[in-house]
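Counting from 1089, one number per residue, gives the positions in the sequence shown under my numbering.
Structure first, commentary second.
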Amino acid sequence: MKNPFTLLLIAILLIVSCVEDPQLSASDTGPIPIGSWSNISYNENGLTLEKVNELQENTYGYRFLSNGTFIHRTNSGWCGTPPIVTSDFEGSWTKNGNVISIQGTFWGGETVAEWEITSSDNNVLTIEVLKSEYEMEE
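Have a look at this one:
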């Protein structure tokens, strides 16, 4: 006869494996800017982002989820000397016309930004930074 503990453990593992992670279940597809963006190129007034299937470990990037969650993958701390280690910092985003408003966190506090989409297609997003403010925690 099978050990009841083993059967219970298998049942629990099956149930837990079917539970959705809210970070992963929020759709990564939809109208611009929804999705994952990386391969950042900086220019005079802003930046250009390339759409990627997922953000690679220890690379910079952004995720705009359809539920309004914003994830910024950036340096995990103040030190910028290699090797760089990144972390995901969460916030929220809204879009009004071509302007994206972002509220989020970073290693030292909170950030507020406004970006204007100056051009976009399914794979490239060009942004003009209208506002970028950082407030350090004390």
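All residues carry an ideal CB built from backbone N, CA and C; glycine is no exception.
- Taking every protein chain shown into account, the CB of Y1130 has fewer than 16 other CB atoms within 10 angstroms, so this residue is exposed.
- When secondary structure is reduced to three states using DSSP, G1149 falls in the strand class.
- L1137 and E1226 have their alpha carbons spaced roughly 32 Å apart.
- Counting only the Cα atoms, F1194 lies some 22 Å from T1214.
- The continuous stretches of beta strand (DSSP E) do not include G1156, and DSSP gives it neither H nor E.
- Taking the Cβ atoms as the reference, T1174 lies roughly 28 Å from N1186, outside the contact range of under 8 Å.
- As far as DSSP is concerned, N1133 takes part in no beta bridge.
- At least 9 Å separates the beta-carbon of T1199 from that of E1178.
- A distance below 6 Å between beta-carbons, with the five flanking residues on each side excluded, links T1206 to the following residues of its chain, in chain order: T1214, E1216.
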